[in-house]
Structures are given as structure tokens and as C-alpha cells.
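Note that the working numbering numbers the sequence shown so that position 158 is 322, with each residue one more than the last.
Taking it in order: structure first as C-alpha cells, then the write-up.
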Amino acid sequence: MKIKYWSDIACPFCYIGSTRMKKAMKEVGIYDDTKLELKSFQLNPMEAETAKSGDYINHFTGGKKELEADAKQKMAYITQMAAGEGLEFHLDKVVPTNTMDAHRLIKLAESKNDRDLVERVISRFYKVYFTDGKSIADKDVLTVAAVEAGLDKDEVEKILASDQYERQVVGDEVEAQQLGIKGAPFFVINNKYAISGAQPYEVFVQALEKVKAEEK
Numbered sequence: 165m166k167i168k169y170w171s172d173i174a175c176p177f178c179y180i181g182s183t184r185m186k187k188a189m190k191e192v193g194i195y196d197d198t199k200l201e202l203k204s205f206q207l208n209p210m211e212a213e214t215a216k217s218g219d220y221i222n223h224f225t226g227g228k229k230e231l232e233a234d235a236k237q238k239m240a241y242i243t244q245m246a247a248g249e250g251l252e253f254h255l256d257k258v259v260p261t262n263t264m265d266a267h268r269l270i271k272l273a274e275s276k277n278d279r280d281l282v283e284r285v286i287s288r289f290y291k292v293y294f295t296d297g298k299s300i301a302d303k304d305v306l307t308v309a310a311v312e313a314g315l316d317k318d319e320v321e322k323i324l325a326s327d328q329y330e331r332q333v334v335g336d337e338v339e340a341q342q343l344g345i346k347g348a349p350f351f352v353i354n355n356k357y358a359i360s361g362a363q364p365y366e367v368f369v370q371a372l373e374k375v376k377a378e379e380k
């Protein structure tokens with residue numbers, strides 16, 4: 165089985181949805197034998213590289229003060245949803261910023277053909293954004309996180325000082341457009357079945373069991 169999913173490091177539902185998918189893959193007993201590929205999807209590729217902690221609420225309010233109460237309720241709901249998957253969110257500290265460099269480093273990790281390394285890098289970047297409240301566009305922050313996850317520091321710094329892998333990131337986004345994918349997360353199983361959004365865990369399990377049965 166092969167699963168690819170479009171996702172952005174700045175997307176809380178991508179973090180939650182991919183966590184559910186990975187748990188479902190283990191539940192169905194296909195995790196070790198299934199290729200799982202993250203395809204880059206920047207929710208806001210025009211997002212600037214400069215922002216400050218606490219700006220995340222503007223994603224829900226558009227800067228309108230009268231919408232803050234409703235926005236805080238939505239943020240609390242997302243935080244609770246994440247906690248149900250064992251994820252720690254601090255949305256009040258999130259620094260909304262450009263994710264291109266994070267995606268480029270994920271591509272670097274993928275080039276190593278080491279699945280565990282890729283998963284560690286993705287997980288660490290999500291934690292930088294949603295748990296640590298640090299800027300995922302800050303090259304020093306990215307370097308520390310990438311090295312902690314297992315990438316070589318010199319290689320990371322070399323990538324960040326160039327535009328390497330940017331074409332691959334954009335290529336993923338163009339592919340999404342061609343397939344009519346307008347949001348993330350979006351999962352495609354065996355280029356046949358699609359699951360959109362952070363669906364309940366049971367939905368992922370049922371879909372995987374169906375495909376597994378068909379393969380047999």
C-alpha cells in the first residue's frame with residue numbers, strides 16, 4: 165500500500181490528521197510495510213517570514229476585535245482535539261509565518277531514504293510551531309530542530325543558504341492543484357481513495373482495512 169498526504173507544518177488539522185492516520189496504520193498492521201509520503205502544501209505561501217508570538221488569533225479574527233471571543237473558543241476546541249491524540253498545543257504562543265524552509269528540510273530528510281528520520285523531522289517541526297511557540301521560518305530555530313531530529317548541521321545550513329528543494333515543494337503544490345485539492349490535510353491511498361481533513365480515527369481505520377482487504 166502507498167499513502168501520500170498533502171500537509172503543512174502550520175496546519176493544526178494536518179498535525180492531528182496525520183497523527184490519526186499513523187495510528188490507524190499501526191492498528192491495521194500496515195505501518196512498517198506501507199510507504200507514507202508527505203507532499204508539501206503551504207496554506208498561505210505568501211505568509212511573511214516575520215511575525216510575533218500571539219499573532220495566530222488573527223487567522224480567526226482577521227484583526228477584528230469583536231471576533232476574539234469566538235476565535236478563542238475555536239482555538240480551545242482545536243487544542244482539546246489535539247490533546248485527544250496526545251499532542252500538546254499552545255496556540256496562544258504560535259508564530260504564524262512562512263513554512264517554505266521547513267518543507268525544504270523535510271525534502272532533505274526524504275532524500276536520505278530513512279523513514280524514521282523523516283518522521284522525526286516532521287514531528288519536531290510541528291512541535292516547534294504548535295508547542296514551543298517559535299518561528300518555523302527562523303533559520304537558527306530550524307537548524308537546531310533539524311539537528312535534534314537527526315539531520316547533519318552543515319548540510320542543513322547549506323540547504324537553508326540556498327533555494328535547493330524549493331522546486332520540489334512547489335511541484336507538490338502544483339500537483340495538488342491539478343488534482344483539485346484545495347485544502348489540507350488530504351490523503352490519497354494507492355492513488356485510488358481519498359480522505360479529506362482530520363477525519364475521526366475510525367474513518368482512517370475503516371478506509372485502510374477496506375484497501376487492505378482489496379489487496380488480498
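Every residue gets a Cβ at the ideal spot worked out from N, C-alpha and C, and that includes glycine.
If you're wondering where the values come from, they're calculated on a predicted model, not measured in any experiment.
| Query | Result |
| --- | --- |
| Answer yes or no: do I180 and K376 have a C-beta to C-beta separation smaller than 8 Å? | no |
| Would you mind working out which of Y290, A273, E373 and P176 sits nearest E201, comparing C-alpha positions? | A273 |
| Classify N262: buried if its beta carbon has 16 or more other beta carbons within 10 angstroms, exposed otherwise. | buried |
| Within a Cβ cutoff of 7 Å, which residues of the same chain sit near D172, ignoring the five residues on either side of it in sequence? | C178, F205, Q206, L207, T263 and A348 |
| Span of the alpha helix (DSSP H) holding I242? | E232 to A247 |
| Would you mind sorting D280 into buried or exposed? The rule is 16 or more other CB atoms within 10 Å of its CB. | exposed |
| Given this structure, state the Cα-to-Cα distance separating D336 from A233, to the nearest angstrom. | 36 Å |
| In angstroms with no decimal places, state the Cα-to-Cα distance between D219 and A240. | 16 Å |
| For A174, name the three-state secondary structure that DSSP assigns. | coil |
| Is it buried or exposed for R331, if we count other Cβ within 10 angstroms and need 16 for buried? | exposed |
| Flag this pair as yes or no: are the beta carbons of V369 and V192 separated by less than 8 Å? | yes |
| Distance, Cα to Cα, I270 vs A371? | 27 Å |
| Name the two residues that bound the continuous beta strand (DSSP E) containing Y329. | Note, Y329: premise wrong, no beta strand (DSSP E); not H, not E. |
| Mark M185 as exposed unless 16 or more other C-beta atoms lie within 10 angstroms of its C-beta, in which case mark it buried. | buried |
| If we count Cβ pairs, one from each stretch, closer than 8 Å, do we get three or more for the stretch 356 to 367 versus the stretch 290 to 309? | no |
| Between which two residues does the beta strand (DSSP E) harbouring F253 extend? | Here F253 belongs to no beta strand (DSSP E), and DSSP marks it neither H nor E. |
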